[in-house]
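The block underneath contains the structure these notes are about, expressed in structure tokens.
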Amino acid sequence: MIEIVGPALGVSLIIALTHAPLGIEVLRRGIIFIDLAIAQIAGLGVVAASFYFEEPAWWMVQGAALLFALLAAFFFRLIERRLPQHQEAIIGCSFVLAASVALLLLSDKPHGGEEIEHLLSGQILFVTWREVLIHGPIYGAILFLWFGWPKVIRESTWFYVLFSVAITSSVQLVGVYVVFASLILPALAAASARRQHLMAWGCGITAVVSGVLAAVILDAPAGPVIVLAYALVTIGLVSFKVLGTRRVRRPSSLDGECP
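Residues in the sequence shown are numbered consecutively from 1338, following our numbering.
As structure tokens, this is what we get:
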């Protein structure tokens, strides 16, 4: 059991810690679907590598995914500068296009349906400690650069570069759905918090721990269960925040009505 749960928890926690600040920045910029689009385009790179090479080495798959993600990132950066009013529409169209091309490439493969499922929902419970050790330093470097030079990273093309590198690793480990959930839902939960990063990290850690354990106990697909856990934790935090705000406001409104 530990051999399965350990690596899954390890990689999920690393991704949750790395994606939280990235998601907060995505929400601040208002480019919500960029993570979904880049994740799908990185996934298209994985599919392309397996399509053109019968049994590609892991570095070939990683390189193809990173190349596709970086090209998409630079394209979206160009759109942000030249056509900001159409940015979200172009990002959404890019996601649909990448998904369609991936389906076409896998349509004639005997196990194409399984590969699509793995791309979308991931195979978290099959992650090994070797993969954690390979991808862990990448996430560590991203966090180091993000908090070491925050202004430089967030106000330049480097944001898109770091974002693409993170997504490239994550989509191969946990799938497109978990990537999107781990970026956006903690950021939503922490949207009006004083310490946004702490709130987002707390949301992510709670979601991945409960999600992985629930998937193992229920013998259910880990990806969808983790997404559901992210949603439930976010709803709980937002509801608690809204109810707390109402309780604070109610006495003041009643006091104003007294003669």
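Ideal placement from N, C-alpha and C gives every residue a C-beta, glycine not left out.
Being a predicted model, the structure only gives us computed values, none of them experimental.
Legend entry - Segments assigned alpha helix (DSSP H), at least 4 residues, entirely inside the stretch 1370-1398: Here the runs fully enclosed are 1371-1389.
Legend entry - Inter-stretch contact at 8 Å, needing at least 3 Cβ pairs: the stretch 1504-1520 / the stretch 1351-1363: Segments in contact, yes.
Legend entry - Best match in Phe1463, Ile1428 and Ala1374 for proximity to isoleucine 1339 [C-alpha to C-alpha]: Checking every option, the nearest Cα to that of isoleucine 1339 belongs to Phe1463.
Legend entry - CB of isoleucine 1416 within 8 Å of CB of glutamine 1424, strictly: Cβ atoms of isoleucine 1416 and glutamine 1424: closer than 8 Å.
Inset, instruction - Assess, as a yes-or-no matter, whether the stretch 1532-1542 is touched by the stretch 1357-1366 under the definition of 3 or more beta carbon pairs within less than 8 Å. - result: Result yes; three or more Cβ-Cβ pairs closer than 8 Å.
Inset, instruction - Determine the burial state of proline 1487: buried for a count of at least 16 other Cβ atoms within 10 Å of its Cβ, exposed for fewer. - result: Proline 1487 is exposed by the Cβ-count criterion.
Inset, instruction - Mind checking which residues open and close the alpha helix (DSSP H) that includes isoleucine 1339? - result: Unbroken alpha helix (DSSP H) run through isoleucine 1339: 1339-1366.
Legend entry - tryptophan 1483, DSSP secondary structure in three states: Tryptophan 1483 falls in the helix class under three-state DSSP.
Legend entry - Spatial distance of glycine 1449 from glycine 1347 (CA atoms): Each residue's alpha carbon lies about 29 Å from the other.
Inset, instruction - Figure out for me which residue from Leu1550, Asp1556 and Ala1528 has the closest Cα to the Cα of serine 1576. - result: Measuring C-alpha to C-alpha distances from serine 1576 to each of Leu1550, Asp1556 and Ala1528 identifies Ala1528 as the nearest.
Inset, instruction - Would you check if the stretch 1401-1416 and the stretch 1464-1483 touch, i.e. whether three or more CB-CB distances between them fall below 8 Å? - result: The answer is no - the stretch 1401-1416 does not touch the stretch 1464-1483, with fewer than three Cβ pairs under 8 Å.
Inset, instruction - Answer yes or no: do phenylalanine 1500 and isoleucine 1375 have a C-beta to C-beta separation smaller than 8 Å? - result: Result yes, Cβ atoms of phenylalanine 1500 and isoleucine 1375 sit closer than 8 Å.
Legend entry - Contact the stretch 1428-1447 vs the stretch 1377-1391: 3+ CB pairs below 8 Å: Yes, since at least three Cβ pairs between the stretch 1428-1447 and the stretch 1377-1391 fall closer than 8 Å, the two stretches touch.
Legend entry - DSSP state of valine 1464 mapped onto helix, strand, coil: The three-state reading of DSSP puts valine 1464 in coil, since its state is none of H, G, I, E or B.
Legend entry - Same chain only: Cβ atoms within 6 Å of phenylalanine 1432, ignoring 5 sequence neighbours per side: For phenylalanine 1432, where only same-chain residues beyond five positions count, the Cβ hits under 6 Å are Leu1373, Ala1374 and Gln1377.
Inset, instruction - Determine the direct distance from the alpha carbon of alanine 1524 to that of isoleucine 1563, and round the result to whole angstroms. - result: Here the C-alpha atom of isoleucine 1563 lies approximately 16 Å from the C-alpha atom of alanine 1524.
Legend entry - Range covered by the alpha helix (DSSP H) that runs through alanine 1557: Here alanine 1557 belongs to no alpha helix (DSSP H), and DSSP marks it neither H nor E.
Legend entry - Sequence-distant residues of the same chain with beta carbon closer than 7 Å to glycine 1560, five excluded per side: In the same chain as glycine 1560, and ignoring 5 residues on each side of it, the C-beta atoms closer than 7 Å to its own belong to Ser1458, Gly1459, Ile1461, Val1511, Gly1512, Tyr1514 and Val1515, in chain order.
Legend entry - Extent of the continuous alpha helix (DSSP H) to which threonine 1494 belongs: Where threonine 1494 is concerned, there is no enclosing alpha helix (DSSP H), given that its DSSP letter is neither H nor E.
Legend entry - Local conformation of lysine 1578 per DSSP, three classes: Correct three-state label for lysine 1578: helix.
Inset, instruction - Have a look at Glu1468, Leu1443 and Ala1544 and flag the residue whose alpha-carbon is nearest the alpha-carbon of glutamine 1509. - result: Closest by alpha carbon: Glu1468.
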